[in-house]
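Colleague: Sending over a structure as structure tokens; questions will come in a sec.
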Amino acid sequence: MTTSYISGWDIGGAHIKVARCNDIGELIDVIQVPCPLWKGIEQLKQSIKKILSLLGNQHDITAVTMTGELVDIFPNRQAGVERILACISDEIDSNSILIYGAEAGWLTINQATQHWQQIASRNWQASASLVAQYCSAGLFVDIGSTTCDIIPFANGQAMPQGIDDFQRQTSRELLYTGAIRTPLIAISQVAPFNGTLINLAAEVFATMADVWCLLEQLDPELIQDTSSDGQPWQTRFCAGRIARLLGTDSDHASLTQWQQLAQWFAEQQTHQICQAILQVLSSQVELPTNAPIIGAGVGRFIVKLCAQRLNRPYQDFTEIISVTHENAADHAPAIAVALLAQHKLP
Numbered sequence: 003m004t005t006s007y008i009s010g011w012d013i014g015g016a017h018i019k020v021a022r023c024n025d026i027g028e029l030i031d032v033i034q035v036p037c038p039l040w041k042g043i044e045q046l047k048q049s050i051k052k053i054l055s056l057l058g059n060q061h062d063i064t065a066v067t068m069t070g071e072l073v074d075i076f077p078n079r080q081a082g083v084e085r086i087l088a089c090i091s092d093e094i095d096s097n098s099i100l101i102y103g104a105e106a107g108w109l110t111i112n113q114a115t116q117h118w119q120q121i122a123s124r125n126w127q128a129s130a131s132l133v134a135q136y137c138s139a140g141l142f143v144d145i146g147s148t149t150c151d152i153i154p155f156a157n158g159q160a161m162p163q164g165i166d167d168f169q170r171q172t173s174r175e176l177l178y179t180g181a182i183r184t185p186l187i188a189i190s191q192v193a194p195f196n197g198t199l200i201n202l203a204a205e206v207f208a209t210m211a212d213v214w215c216l217l218e219q220l221d222p223e224l225i226q227d228t229s230s231d232g233q234p235w236q237t238r239f240c241a242g243r244i245a246r247l248l249g250t251d252s253d254h255a256s257l258t259q260w261q262q263l264a265q266w267f268a269e270q271q272t273h274q275i276c277q278a279i280l281q282v283l284s285s286q287v288e289l290p291t292n293a294p295i296i297g298a299g300v301g302r303f304i305v306k307l308c309a310q311r312l313n314r315p316y317q318d319f320t321e322i323i324s325v326t327h328e329n330a331a332d333h334a335p336a337i338a339v340a341l342l343a344q345h346k347l348p
């Protein structure tokens, strides 16, 4: 009997994540490759070719979700969806492609083009819908490199207040804060140093990856994003970038002082996410108070911190869906569309 393989693709504006499973739902591969889509559609073509070369998965059933339609090379989101779909179908046989359309179900390329609103930025819905199949009720929180999704679920389905990004940013079920790419100036305009609050330069001199690397929560070797100044993610460079926000150099203070400052930024981001979680929970009065917070994404260590502060039980995405692949929780939407597509196979 020939085994069918399913590849779940999550196409973002900065990375593509792909999860591959077989026809009984066993996870085989999970990878991420950089794709700075804001630099041009050619970036997407190159990244797709690289993934096909790495995995040899061009003949798999290809299940797709996306958020990359938001990047500013496209005049609007509809055009973004259409261009991304066209790019995929240039490299993979359209007959083997399934597009995740949330409540609209699985769509062909042509159907997806006509129903682009069900395609645009629905990767969070795939993840939350999968988790809801394994857990009776809870809050799914995925903190990636750029954004944070906060999705309540119960009775086998996601229960968002809003569907599109505008609605979700209004309800704070979508926060534009992440563990890697978020500029520190977006976290705060001032920071304490040497006992004084200092105004920060309104420049993208440093990002949250600098903070979390200094605090040893992120592995510098695993970050695929380029830093603000193009230098590596090792400690001395992270301290130097943060110092630049204060108009100084890292050798003017000890490493301990820069780590203390990093801790302050970490506290601000964690507090913002905790507040958003509480706002979302306030709309879900029937959700049990002991319902777990499910963490996913490269920033799920922040989710765990939030769960502790809010006195909620924490569970990891991989624990919920019972997979052991070491990178699985980093790339929940890719795994979700792969497994959801596998569930629909005859």
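Take any residue in the sequence shown, count from 1 to its spot, add 2: that is its number in my numbering.
Note that beta-carbon positions come from the ideal geometry of N, C-alpha and C, so glycine has one too.
Measuring alpha carbon to alpha carbon, tell me which of Y7, S6, L46, K41 ends up nearest I18.
Modeller: L46
Colleague: Could you give the uninterrupted runs of the alpha helix (DSSP H) lying entirely in the region 223-260, keeping only those of 4 residues or more?
Modeller: 237-247
Colleague: On the CB-based measure, 16 or more other CB atoms within 10 Å of its CB, does S252 come out buried or exposed?
Modeller: buried
Colleague: So what's Y136 in DSSP terms, helix, strand or just coil?
Modeller: helix
Colleague: Report the rounded CA-to-CA distance for A334 versus A134, giving the unit in angstroms.
Modeller: Straight-line Cα distance between these residues: approximately 13 Å.
Colleague: Between the region 290-305 and the region 228-244, are three or more C-beta pairs nearer than 8 Å?
Modeller: Between the region 290-305 and the region 228-244, the count of C-beta pairs closer than 8 Å stays below three; the two stretches do not touch.
Colleague: Hey, A298 and G10: beta-carbon distance below 8 Å or not?
Modeller: No, the Cβ-Cβ distance between A298 and G10 is not below 8 Å.
Colleague: Among the residues of its own chain, which have a CB less than 7 Å from the CB of Q281, if the five just before and after it don't count?
Modeller: So the qualifying residues of the chain are R174.
Colleague: Determine the extent of the alpha helix (DSSP H) in which P335 is found, giving its start and end residues.
Modeller: Start and end: 334-346.
Colleague: Go ahead and label S55 buried or exposed: buried means 16 or more other beta carbons lie within 10 angstroms of its beta carbon, across all protein chains shown.
Modeller: exposed
Colleague: According to DSSP, is M3 part of a helix, a strand, or is it coil?
Modeller: The predicted position of M3 is uncertain, since its pLDDT is 31 and thus under 50; a value taken from the coordinates is nonetheless stated next. It is coil, neither helix nor strand.
Colleague: Could you give the DSSP three-state label for I63: helix, strand or coil?
Modeller: strand
Colleague: Closest to I99 by CA distance: which of I152, I8, A268, G164 is it?
Modeller: I8
Colleague: Note down, one range per segment and in chain order, each alpha helix (DSSP H) of at least 4 residues found wholly within the region 5-73.
Modeller: The region 5-73 contains, as complete alpha helix (DSSP H) runs of 4+ residues, the segments 43-57 (chain order).
Colleague: Please confirm whether any heavy atom of the ligand MN lies closer than 7 Å to the CB of A188.
Modeller: In the structure shown, the ligand MN is absent, as is every other ligand, since no ligand is present at all.
Colleague: Does L199 come out as helix, strand or coil in the three-state DSSP assignment?
Modeller: strand
Colleague: When the Cα of E269 is compared with those of A255, D231, S284, M210, which residue comes out closest?
Modeller: M210
Colleague: Is there a Cβ of chain B sitting closer than 8 Å to that of G27, yes or no?
Modeller: In the displayed structure, chain B is absent; only one protein chain is listed.
Colleague: So, under 8 Å CB-CB, A128 and A338 are touching, yes? Tell me the CB distance rounded to an integer number of Å.
Modeller: 4 Å
Colleague: How many Å lie between D62 and T258 at the Cα?
Modeller: 50 Å
Colleague: Between which residues of its own chain and R314 is the CB-CB distance below 7 Å, once the five residues before and five after are set aside?
Modeller: Within the same chain, R314 has close Cβ partners P294, I295.
Colleague: Which two residues bound the contiguous alpha helix (DSSP H) that contains L216?
Modeller: 210-216
Colleague: Measuring only the C-alpha atoms, how far is N196 from L202?
Modeller: One C-alpha to the other measures close to 14 Å.
Colleague: Can you tell me where the alpha helix (DSSP H) holding D221 begins and where it ends?
Modeller: Note, D221: premise wrong, no alpha helix (DSSP H); not H, not E.
Colleague: Is the CB-CB distance between Q120 and G103 below 8 Å?
Modeller: yes
Colleague: Below 8 Å between beta carbons: does that hold for T67 and D12?
Modeller: yes
Colleague: Quick one, which of L283, A245, G301, I101 has its alpha-carbon nearest P194's?
Modeller: A245
Colleague: Note the first and the last residue of the continuous alpha helix (DSSP H) segment covering I86.
Modeller: 79-93
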